[in-house]
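S.K.: First the structure, then my questions, so here it is.
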Amino acid sequence: SRCFNLNLHGHRFLITLCSTMSLPFSVHYFDSAVEPSSPSPPNLYASKSDKVEGKSCSRCRSHKIKCDRYRPCGKCLRVGAASDCDAIRDMTTCLICKRAKLKCDRQRPCASCIRRGKEKHCINSDGFQALVEQTQQASMIDRPLPLSLSMIIKDMPLPDRDAKTGLFGPFIMRVSRSGYKPTVMQYMLNSMGTELRSVLHDILEAVLLLQGSQTSKRLDRVCFQDFQPIQPVLNMEDKDDSVNICDALSLDRCRDAVGCWKVFWAPGANDREQIQMNAALGKLMNRNPEELLARAGSSEWDFPSSDIEFLCLILDDILGAMDDKIFRYHRLCRKSRTGQLEESFLVRVLSTKERDLTGKVVSTTNVVEVISPEEWDRIHADPKRRKIYIQLREFLDNEVPTGEELLSEHIRDQLFSEHFAALNQSSEGQLKLARVAEFLRQRFQQIISLASMKKQAMLAHGRAIAAQQASRA
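Here it is, written out as structure tokens:
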């Protein structure tokens, strides 16, 4: 026979199915008001091994993280604190004794298995030996650690220029080395329009052609020498622009109000080897710093601002590629957990490059500091300190926007006013993109002309060498 419990509108019934034909089933009614309460029966299928016995290490307890209770535990191994681990894990009954229903002294190997000659099976029965052997490999795990904001990275080599992608393929991958999504960068290039993309291609080709020459060391001076007084020359001696560099360059001594991250570069300054980050950057962006670190390592950061402003930031970096210190002034926008745009703020970013004895860049330290709209206005009151984006806004609007105006317009700029895909949907937006392309071509005309002259000289030199070889033949 089989029994079933039925609860109908608060009334309990016990239905019994019998195997006899004379009484196929019976029903018993239980009144919950009369039936005495009794404790629930114990779970006979629960195993003592399901509950981890022992004591977590003091380090994991103080940081309120899960401990596997082995000594040393996995968390202490990953951060290099194996010698400080004091975790205690009580052994449970081995699997051999469980199956044979024998008494086990919870040792490895246990006395029962030793008497039966099954020492090796006892050690390997519940994965204990595997846990012991993996301690040497635990310190080699390359992923964000809960207590150490550092990450080992193995970037793929940058792709060479080919006929399909041209200059934009290596350009996209180089931008992704800063932590930004290459797919979003590709979408931005595809949606910016033919005219603006052609101007950007000419700028990249000119900079690449002039790279390594004496001219490229001061590209910003060459590019803007005919456009006075709008000349973005930074006064590196200005104390108001410095962010306490002595404290900022040390991640351990960064102030809570300053976010820092440091990138270590492989020989050649193309591939990243390691990223370090402080917790203040996570507070600044309203994100878990481990999440920011993981997204930076896998190049999954979103753009910090609108498409037009981000493009201007890239061009600023191209002009200052030979400088060891670069200041950036731009807007940032915090995002909610669901990806919605929230609060905007103005920041000053100082990037400092460290070089080895041969002049190769070995690391780049970035320091982010929030500045007030009043300080933003004071800085950009000097035309010499205005970056490309502010010069572009002055070209488009015939006036320099204030810090408060930039903050109030930021979300609209990101979604509509300065978003390439949105601008291409209307004739007014396409006209704005054409004016942006016109501005960039004017500002970079000197570099493009110098590159064209150098290219013609190289072609003439090649033709002369070919003619000499032909005459000798």
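Heads up: the sequence shown begins at 50 in our numbering, then just goes up one per residue.
Each residue gets a CB set at the ideal place from its N, CA and C atoms; glycine is no exception.
Values in this document were obtained by computation on a predicted structure and should not be read as measured data.
(1) Give the secondary structure of F313 by DSSP, where H, G and I count as helix, E and B as strand, and everything else as coil.
(2) Can you tell me the Cα-Cα spacing of D117 and C309, whole angstroms?
(3) Give me the Cβ distance between L395 and P422, rounded to the nearest whole Å; I'm assuming they're in contact under 8 Å.
(4) Pairing CB atoms from the stretch 357–371 with CB atoms from the stretch 331–349, are three or more of them under 8 Å?
(5) Roughly how far, in whole angstroms, is the beta-carbon of R380 from the beta-carbon of S393, given that I think they are within contact range, below 8 Å?
(6) Compute the Euclidean distance between the alpha carbons of L126 and P219, then round it to the nearest angstrom.
(7) Is it the case that the Cβ atoms of N473 and S240 are separated by a distance below 8 Å?
(8) Buried or exposed, going by whether 16 or more other CB atoms sit within 10 Å of the CB of D251?
(9) Give the list of continuous alpha helix (DSSP H) stretches no shorter than 4 residues that lie fully inside the stretch 455–494.
(10) Is the closest heavy atom of the ligand SAM to the C-beta of A430 under 7 Å?
(11) When the Cα atoms are used, what is the spatial distance from C146 to H170?
(12) Roughly how many angstroms separate the alpha carbons of S225 and G346, rounded to a whole number?
(13) Just mark Q495 as buried or exposed, buried being the case when its beta carbon has 16 or more other beta carbons within 10 Å.
(14) Leaving out five residues before and five after R442 in sequence, what residues of the same chain have Cβ atoms less than 6 Å from its Cβ?
(15) Considering Y378, what are the terminal residues of the alpha helix (DSSP H) in which it resides?
(16) Apart from the five residues just before and just after E467, which ones in its own chain have a Cβ nearer than 7 Å to its Cβ?
(17) Roughly how many angstroms lie between the CA atoms of T387 and L259, to the nearest whole one?
(18) Should D431 go down as buried or exposed, given a rule of 16 or more other Cβ atoms within 10 Å for buried?
(19) Between K409 and D373, what straight-line distance do the alpha-carbon atoms span, to the nearest angstrom?
(20) Which residue wins for smallest C-alpha separation from S111, given the options E487, G103, C134?
(21) For P316, tell me which candidate among D204, Y236, R377, E391 has the shortest Cα-Cα distance.
(22) Could you pull the start and end residues of the alpha helix (DSSP H) that S393 belongs to?
(23) Helix, strand or coil for I202? Go by DSSP, reduced to three states.
(24) Specify the secondary structure class of Y119 as computed by DSSP and reduced to three states.
(25) Rounded to the nearest angstrom, how far is the Cβ of R490 from that of V248, given a contact under 8 Å?
(26) Identify whether Q235 lies in helix, strand or coil by the three-state DSSP scheme.
(27) Counting C-beta neighbours from all protein chains within 10 Å, is the total for I221 16 or more, i.e. buried, or is it exposed?
M.R.: Taking the geometry as given:
(1) The sequence position of residue 313 within the sequence shown is 264, counting from 1. Assigned with DSSP and collapsed to three states, F313 falls in strand.
(2) By one-based count along the sequence shown, residue 117 stands at place 68. By one-based count along the sequence shown, residue 309 stands at place 260. A straight line joining the alpha-carbon of D117 with that of C309 spans about 32 Å.
(3) Start at 1 with the first residue of the sequence shown, and residue 395 comes out as number 346. Start at 1 with the first residue of the sequence shown, and residue 422 comes out as number 373. Right, their Cβ atoms sit about 6 Å apart.
(4) Output reads no: the stretch 331–349 does not touch the stretch 357–371.
(5) Stepping through the sequence shown from its first residue, residue 380 is reached at position 331. Stepping through the sequence shown from its first residue, residue 393 is reached at position 344. A Cβ-Cβ distance of about 6 Å is found for the pair R380 and S393, placing them in contact under the 8 Å criterion.
(6) Position 77 of the sequence shown, counted from the first residue, corresponds to residue 126. Position 170 of the sequence shown, counted from the first residue, corresponds to residue 219. Cα to Cα, the separation comes out at about 38 Å.
(7) Position 424 of the sequence shown, counting from 1, holds the residue named residue 473. Position 191 of the sequence shown, counting from 1, holds the residue named residue 240. Cβ atoms of N473 and S240: closer than 8 Å.
(8) Working through the sequence shown from its first residue, we reach residue 251 at position 202. Classification for D251: buried.
(9) Qualifying alpha helix (DSSP H) stretches, in chain order: 469–472, 476–492.
(10) The model depicted lacks the ligand SAM and carries no ligand whatsoever.
(11) For the purposes of this step, residue 146 is taken as residue 97 along the sequence shown, with counting starting at 1. For the purposes of this step, residue 170 is taken as residue 121 along the sequence shown, with counting starting at 1. So the two alpha carbons sit approximately 11 Å from each other.
(12) Against the sequence shown, residue 225 aligns to sequence position 176. Against the sequence shown, residue 346 aligns to sequence position 297. Approximately 10 Å between the Cα atoms of the pair.
(13) On the sequence shown, position 446 is the one that residue 495 refers to. Counting the other CB atoms within 10 Å of its CB gives Q495 a total of 16 or more, which places it among the buried residues.
(14) Translated into the one-based positions of the sequence shown, residue 442 becomes position 393. Sequence-distant Cβ neighbours of R442 in its own chain, meaning closer than 6 Å and more than five residues away, are P450.
(15) Stepping through the sequence shown from its first residue, residue 378 is reached at position 329. Where Y378 is concerned, there is no enclosing alpha helix (DSSP H), although the beta strand (DSSP E) it sits in stretches over 374–384.
(16) Against the sequence shown, residue 467 aligns to sequence position 418. Cβ neighbours of E467 beyond the five flanking positions: S355, D356, I357, E358.
(17) Translated into positions along the sequence shown, residue 387 becomes position 338. Translated into positions along the sequence shown, residue 259 becomes position 210. Cα to Cα, T387 sits roughly 44 Å from L259.
(18) What you label residue 431 is simply residue 382 of the sequence shown in a count that begins at 1. D431 should be labelled exposed.
(19) What you label residue 409 is simply residue 360 of the sequence shown in a count that begins at 1. What you label residue 373 is simply residue 324 of the sequence shown in a count that begins at 1. Answer to the nearest angstrom: the Cα atoms are 11 Å apart.
(20) Within the sequence shown, the letter at position 62 stands for residue 111. Out of E487, G103, C134, C134 has the C-alpha closest to the C-alpha of S111.
(21) Sequence index remark: in the sequence shown, residue 316 carries index 267 (1-based). P316 has its Cα closest to that of D204, out of D204, Y236, R377, E391.
(22) The sequence position of residue 393 within the sequence shown is 344, counting from 1. Not the alpha helix (DSSP H): S393 falls in the beta strand (DSSP E), residues 390–404.
(23) Position 153 of the sequence shown, counted from the first residue, corresponds to residue 202. Of the three classes helix, strand and coil, the one that applies to I202 here is coil, per DSSP.
(24) As a working note, residue 119 is residue 70 in the sequence shown. Per DSSP, reduced to three states, the secondary structure at Y119 is coil, with no helix or strand assignment.
(25) Translated into the one-based positions of the sequence shown, residue 490 becomes position 441. Translated into the one-based positions of the sequence shown, residue 248 becomes position 199. The pair is a contact, with the Cβ atoms about 5 Å apart (cut-off 8 Å).
(26) As a working note, residue 235 is residue 186 in the sequence shown. In the displayed model, Q235 falls within a helix according to three-state DSSP.
(27) Stepping through the sequence shown from its first residue, residue 221 is reached at position 172. Around the beta carbon of I221, a 10 Å sphere encloses 16 or more other beta carbons of the protein chains shown; the residue is thus reported as buried.
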